[in-house]
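J.:
Protein chains: 2
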Amino acid sequence: VSEERSWWGWGLAARALTDGEMRVLAERVGILLPLDGAVAPVPPVPALGPPRVRPPASLASMLSGDDRGRAAHAYGKAYRDVVRALAGRIDHPPDLVAWPDTEAAVAAVLDWAGETGVAVVPYGGGSSVVGGVEYRGDGPWLSMDLRKLAGVGEVDEVNLTARAAAGTVGPALEAALKPHGLTLRHFPQSFEFSTVGGWIATRAGGHFATGPTHIDDLVQALRVVTPVGVGESARVPASGAGPAPDRLFLGSEGILGIITAAWLRVRRRPRVTAAATIAFGADGDGVAAARAIVQSGLQPANCRLLDPLEAALQAGVRDGGARLLLGFESADAPVDALLEHAVEICRAHGGVASRSVDGEGTAGTWRETFLRAPYVRDALVRLGVVVETIETACTWDRFPALHRAVVDAAHAAGPPGTTHVTYRFTHVYPDGPAPYFTFMAPAPRGAEVECWDRIKAAVNDAIAAHGGTVTHHHAVGRDHRRWYDAERPPPFDAALRAAKAALDPRGILNPGVLIDP
Amino acid sequence: VSEERSWWGWGLAARALTDGEMRVLAERVGILLPLDGAVAPVPPVPALGPPRVRPPASLASMLSGDDRGRAAHAYGKAYRDVVRALAGRIDHPPDLVAWPDTEAAVAAVLDWAGETGVAVVPYGGGSSVVGGVEYRGDGPWLSMDLRKLAGVGEVDEVNLTARAAAGTVGPALEAALKPHGLTLRHFPQSFEFSTVGGWIATRAGGHFATGPTHIDDLVQALRVVTPVGVGESARVPASGAGPAPDRLFLGSEGILGIITAAWLRVRRRPRVTAAATIAFGADGDGVAAARAIVQSGLQPANCRLLDPLEAALQAGVRDGGARLLLGFESADAPVDALLEHAVEICRAHGGVASRSVDGEGTAGTWRETFLRAPYVRDALVRLGVVVETIETACTWDRFPALHRAVVDAAHAAGPPGTTHVTYRFTHVYPDGPAPYFTFMAPAPRGAEVECWDRIKAAVNDAIAAHGGTVTHHHAVGRDHRRWYDAERPPPFDAALRAAKAALDPRGILNPGVLIDP
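If you're matching them up, the sequences are chains A and B in order. Each number in the working numbering comes from the position in the first sequence (counting from 1) with 597 added on. Each number in the working numbering comes from the position in the second sequence (counting from 1) with 597 added on.
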């Protein structure tokens, strides 16, 4: 498989669905949705105007202005982005793409950009689905691709940590850890293409359904280059010295500085596993079971509830029931008694368990579907389907009403009678679940983005009205600004603006994301 | 027992060691240290000059200027503070003590203080051992005691959360949770007297040796009053929306605002427990065992290593060996297999296990000693012993050299030949331990504080030189400033200063703590 990245859609160009796969998909989706039978073609890379800025000679070797690179860095991978790219429409392409391969180069680009008033949008894997890597202003800007600032500098078996440069992508990190019997085991859906720095900047959600699963908890120390200077936090397992410095940069989405490296907490590769799939007649029983499990003090690695439609579409379930995918794992501590206990809890809530061999059965089907999903999403776009995922987190008591409101909002905002909504829990906490909603509807050709925007706004309004956060792990970017502005407490807003003004006095870093300075 | 708080020392006046207990203690300590036989008397509350500011009529009912209250709020509970109080010396007493009982009252006091240039030092339980509640400037100041802003407003059994006002002390919180079968199970040594708001402002360390144990992880949402406005974070189990707002106020030590309330994550009271005490000949084997346990993925509730001298002094161990106190607990999930596995790991490192019935044996002895320790510390001060605890956290590879350096530094800085250093691990992480050092030496009468300062500085220098953080859970206050200034990364320093200027533009909040604005 060629390693060439797609310029218009997800991941590798060669892994996009084949025509044959597209036909099978169209048939399957056609059962749910009326499709018009058309398949949007992939256009050639559009011709862009010449860059409006010229790099100085000292930086010329790391700044490129070719159309394909600029087009590929113009957008993230949201539905909106794929639709626009397929239409050959590149709004506000970056004038240049910077490829710094050292921290000094990052600083040099920031200096030049600050002096010349060029906005800088940091780019890791470019997998943002919230407009996080797309500049929407009118001035010149550059996309700073950090993937040449890559590599795992040290693997520390004594302390179970590893130092990785920010541009290291998931598979490269895991490949460096594997010979040591270690893993970060942080698998966002973008894992194959997203970067350590991107995970940190967006507070990526990991693959453990419970326990410390966010990249926030896996960062031991981090290094950041800002327009006013460089710094690295102390490499200690814990500290109570003042507000946690790393937490200000975790989730800062590129507006405060460029994360260049991090010490990450890794773990021994799991060798002891136990998994089960639990069938529930109604998803409400599954919700109650998931809550009981996580509130019991058990910390299953996997505790993913699929609602009946999601179970049918994603895991091939035929009985109309919900499924709870349950798994425990450890490098060497016993887990069988823990799984047994969790299964007992499920039985008490009406669940019927089948023990699964790891990697097979429903859980295995689901995992493959998970990694393939973004390519399928691109294919659905071409088939004329509006498709989106919106995730949140709320307290347990609020979930039923939030769920109803989201479904109602999507039905009201989407094409009448043909808008489908499913959900799964990607993570569960003692104080609430992280529901992940998927929407599908036939797209009005030519007005796809408007339709998507309408559904998204209605659903986000419903989520906010029912006490959910605007994002659990997709980040804020530019698309979630309205709800984030309402969610951000005023004192923190004032502090964040002040921090931004202090660290990025010229306001060149990712303008429009999180706040308007 | 009278509930009257001691004005000069720890906790309740009536719980200070009796004369008989003092004699027993003197005999025991006399084996280790040469004592002069004198016992410093407790002086009467010194007469303070009149307050330099007069409260406006509208606030008069909540601001008091009596000498006893002012003296009791002048200091925290560090060794330095007890020595000075016993000498009848109150440097910079607060001019007033504010007792707001509503959030509006907090804001009104802040407004008045801002207008009149009176510094405000927030006071929770007053148990700071780092000069966190003591103003050292020359201008007028008030101590804002938040203990009337107390109470548990709501206990939420569905989401396992509770909303507590900031001034709620540990026992009051637990008493409100107990009828619901719930507990925060957050037991800093100051538990009986310290407050929810104080825990949050100082990032208190909880009683779990592993896993989520810091108050940081137990805060679901918090409410803060700043000189420029009020705000409360979203009550959600998790969010990836921007930098975590609560993390800026966690550890802010009163310089950014007054925390007035928080939603806390509570849990069902543990009912399933299993504990063992493991004897190790050398503490190095215990270190290796503790590391292996926490890196195995096990999350023992208790995993406290006592070095040989600490085991002898604190737990009555007579064989000259180290002890690892190991415990697992759960509201209902099984824990026996987990303890067995941890004990197996200890055996592989040369440990000899004795199963303990919870609350008895070495673990039980240790727990009682733990809660009584601050009163004993006060008695030691009166007996003429310099005694101090200094805690840090470092990576596993750095611990042996850090330990040696700390011992050497204390021996070099303290009275020659009679300075004793012990340590325990209070918390262990996969990437390192949190060692907690205790120093004891005969105090040069009349120069106690200088001796204490000298040892403390030498030890903190040694810790910093060997990669330890300046504090794991005692906070920075004023006494740890020098090392915190060196530890704080420059970009975060700039951001924190900017946040301070934005939220506290007149610089009235706890001046001298964390940063000099």
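C-beta: ideal position from N, C-alpha, C; glycine also.
Whose CA, out of Glu754(A), Leu757(A), Trp604(A) and Asp904(A), lies closest to the CA of Leu922(A)?
T.: As a working note, residue 922(A) is residue 325 in the first sequence. The option with the nearest alpha carbon to Leu922(A) is Asp904(A).
J.: Residues of chain B with CB closer than 7 Å to the CB of Pro931(A), please, in chain order.
T.: Here the question's residue 931(A) lines up with position 334 in the first sequence. Simply Ala934 and His938.
J.: Kindly list the residues whose CB is nearer than 8 Å to the CB of Phe846(B), restricted to its own chain and excluding five residues on each side of it in sequence; keep chain order.
T.: Indexing the second sequence from 1 puts residue 846(B) at position 249. Counting only Cβ-Cβ distances below 8 Å, and skipping sequence neighbours, we find Ile797, Ala798, Leu819, Val821, Leu853, Gly854 and Ile856.
J.: Check whether the Cβ of Val833(B) lies closer than 8 Å to any Cβ atom in chain A.
T.: Position 236 of the second sequence, counted from the first residue, corresponds to residue 833(B). Closer than 8 Å: yes.
J.: Quick one: residues in its chain with C-beta nearer than 7 Å to the C-beta of Tyr972(B), no 5 flanking neighbours on either side, listed in chain order?
T.: For the purposes of this step, residue 972(B) is identified with residue 375 of the second sequence, where counting begins at 1. Excluding sequence neighbours, Tyr972(B) sits near Trp607, Gly608, Arg612, Ala613 and Leu614.
J.: What number of angstroms, rounded off, separates the C-alpha of Leu906(A) from the C-alpha of Thr780(A)?
T.: Mapped onto the first sequence, residue 906(A) falls at position 309. Mapped onto the first sequence, residue 780(A) falls at position 183. When rounded, the distance between both Cα atoms is 33 Å.
J.: Does Pro1041(B) come out as helix, strand or coil in the three-state DSSP assignment?
T.: For this step, residue 1041(B) is matched to residue 444 along the second sequence. Coil, per DSSP.
J.: Run through chain A and tell me which residues come within less than 8 Å of Arg686(B), C-beta to C-beta.
T.: Position 89 of the second sequence holds residue 686(B). In chain order: nothing, as chain A lies at least about 29 Å away.
J.: Looking at Ile942(A) and the ligand MG, is the gap between the Cβ and the nearest heavy atom below 7 Å?
T.: Looking for the ligand MG in the displayed structure turns up nothing, as the structure carries no ligands at all.
J.: Indicate whether the contact test is met: 3 or more Cβ pairs, each with one atom in the region 772-779 of chain A and one in the region 741-752 of chain A, closer than 8 Å.
T.: yes
J.: Output needed in chain order: residues of the region 1061-1087 of chain A with a Cβ under 9 Å from some Cβ in chain B.
T.: Gly1064, Gly1065, Thr1066, Val1067, Thr1068, His1069, His1070, His1071, Ala1072, Val1073, His1077, Trp1080, Tyr1081, Glu1084, Arg1085, Pro1086 and Pro1087
J.: Would you please verify whether the beta carbon of Asp955(B) is less than 8 Å from any beta carbon of chain A?
T.: For the purposes of this step, residue 955(B) is taken as the residue at position 358 of the second sequence. Bear in mind that a pLDDT of 49 at Asp955(B), under 50, signals an unreliable position, so the model cannot answer this.
J.: At a CB-CB cut-off below 7 Å, which residues of chain B make contact with Arg862(A)?
T.: Translated into the one-based positions of the first sequence, residue 862(A) becomes position 265. What Arg862(A) touches in chain B: Pro1027 and Asp1028.
J.: Less than 8 Å separating the beta-carbons of Arg800(A) and Thr874(A)?
T.: Within the first sequence, numbered from 1, the residue matching residue 800(A) stands at position 203. Within the first sequence, numbered from 1, the residue matching residue 874(A) stands at position 277. Between Arg800(A) and Thr874(A), the C-beta spacing is not below 8 Å.
J.: Does Val821(B) come within less than 8 Å of chain A when only Cβ atoms are used?
T.: Within the second sequence, residue 821(B) is the residue found at index 224, counting from 1. Answer yes: the Cβ-Cβ gap between Val821(B) and chain A drops below 8 Å somewhere.
J.: Nearest CA to the CA of Ala762(A): which residue from Trp709(A), Gly802(A), Val626(A) and Asp742(A)?
T.: Locating residue 762(A) in the first sequence gives position 165, counting from the first residue. Out of Trp709(A), Gly802(A), Val626(A) and Asp742(A), Asp742(A) has the C-alpha closest to the C-alpha of Ala762(A).
J.: Shorter than 8 Å from the beta carbon of His1024(B) to some beta carbon of chain A?
T.: In the second sequence, counting from the first residue as 1, residue 1024(B) sits at position 427. By this cut-off, His1024(B) is an interface position.
J.: Does the separation of the CB atoms of Val680(B) and Asn1107(B) fall below 8 Å?
T.: Mapped onto the second sequence, residue 680(B) falls at position 83. Mapped onto the second sequence, residue 1107(B) falls at position 510. Their beta carbons are not under 8 Å apart, which means Val680(B) does not touch Asn1107(B) by this criterion.
J.: What is the rounded straight-line gap between the Cα of Asp1101(B) and the Cα of Glu1045(A)?
T.: Start at 1 with the first residue of the second sequence, and residue 1101(B) comes out as number 504. Start at 1 with the first residue of the first sequence, and residue 1045(A) comes out as number 448. Approximately 48 Å, taken between the alpha carbons.
J.: Determine the contact status of Leu770(A) and Val755(A), defining contact as a CB-CB distance below 8 Å.
T.: As a first step, residue 770(A) must be located in the first sequence, where it is residue number 173. As a first step, residue 755(A) must be located in the first sequence, where it is residue number 158. No. Outside cutoff.
J.: Looking at the secondary structure, which residues open and close the alpha helix (DSSP H) in which Phe1089(B) lies?
T.: Position 492 of the second sequence, counted from the start, is the residue given in the question as residue 1089(B). Per DSSP, Phe1089(B) belongs to the alpha helix (DSSP H) from Pro1087 to Leu1100.
J.: Would you verify that the beta carbon of Pro768(B) is, or is not, closer than 8 Å to some beta carbon of chain A?
T.: For the purposes of this step, residue 768(B) is identified with residue 171 of the second sequence, where counting begins at 1. It does not; no Cβ of chain A falls within 8 Å.
J.: With DSSP collapsed to three states, give me the class of Gly956(B).
T.: As a first step, residue 956(B) must be located in the second sequence, where it is residue number 359. Any reading at Gly956(B) must be qualified, since the residue scores a pLDDT of 47, below 50, and its modelled position is unreliable; no value is offered.
J.: Tell me where the beta strand (DSSP E) around Val703(B) begins and ends.
T.: Here the question's residue 703(B) lines up with position 106 in the second sequence. Taken as a continuous stretch (DSSP letters only), Val703(B) belongs to no beta strand (DSSP E), being part of the alpha helix (DSSP H) at Glu700 to Thr713.
J.: Could you give the C-beta distance for Leu980(B) and Val626(B), rounded to a whole number, given that I count them as a contact under 8 Å?
T.: Numbered from its first residue, the second sequence carries residue 980(B) at position 383. Numbered from its first residue, the second sequence carries residue 626(B) at position 29. About 7 Å; that satisfies the 8 Å criterion.
J.: Does the beta-carbon of Leu1111(B) have 16 or more other beta-carbons within 10 angstroms, so that it is buried, or is it exposed?
T.: Within the second sequence, the letter at position 514 stands for residue 1111(B). Classification for Leu1111(B): buried.
J.: My assumption, with CB atoms under 8 Å, is that Ala1040(A) sits in contact with Arg844(B). Please give the rounded CB distance.
T.: Numbered from 1 along the first sequence, position 443 holds the residue referred to as residue 1040(A). Numbered from 1 along the second sequence, position 247 holds the residue referred to as residue 844(B). About 40 Å separates the two Cβ atoms, so there is no contact after all.
J.: Cα-Cα, which of Leu910(B), Gly924(B) and Pro931(B) is closest to Phe967(B)?
T.: As a position in the second sequence, residue 967(B) is number 370, starting the count at 1. When each option's Cα is compared against that of Phe967(B), the closest is Leu910(B).
J.: Near Gly732(A), which residues of its chain fall below 6 Å by C-beta distance, leaving aside the five closest residues on each side in sequence?
T.: As a working note, residue 732(A) is residue 135 in the first sequence. In the sequence under discussion, the amino acid at residue 732(A) is Tyr, which differs from the Gly named in the question. Result list for Tyr732(A): His689, Ala716, Val718 and Trp738, in chain order.
J.: Any residues in the region 887-905 of chain A with a beta carbon nearer than 7 Å to a beta carbon of chain B? Which ones, in chain order?
T.: Gln892, Ser893, Gly894 and Leu895
J.: In chain order, which continuous runs of the alpha helix (DSSP H) of length 4 or greater are located wholly inside the region 810-890 of chain A?
T.: If we require 4 residues or more, the alpha helix (DSSP H) runs fully inside the region 810-890 of chain A come out as 812-815 and 843-846.
J.: What residues are listed by DSSP as bridge partners for Phe1022(A)?
T.: What you label residue 1022(A) is simply residue 425 of the first sequence in a count that begins at 1. For Phe1022(A), which the question treats as bridged, DSSP gives the partners Pro1032(A).
J.: Using 10 angstroms around the beta-carbon of Asp1113(A), count the other beta-carbons present and answer buried if the total reaches 16, otherwise exposed.
T.: To locate residue 1113(A), count along the first sequence from 1; it is residue 516. Burial call: exposed.
J.: Could you have a look at Asp1076(B) and say whether DSSP puts it in helix, strand or coil?
T.: Within the second sequence, the letter at position 479 stands for residue 1076(B). Reduced to three states, the DSSP call for Asp1076(B) is coil.
J.: Would you check if the region 895-902 of chain B and the region 1016-1030 of chain B touch, i.e. whether three or more CB-CB distances between them fall below 8 Å?
T.: yes
J.: Short of 8 Å in beta carbon distance, which residues of its chain neighbour Trp604(B), apart from the five on each side in sequence? Order them along the chain.
T.: On the second sequence, residue 604(B) is found 7 positions in, with the first residue counted as 1. Closer than 8 Å at Cβ, skipping near neighbours: Ala610, Val642, Arg665, Ala668, Ala669 and Ala682.
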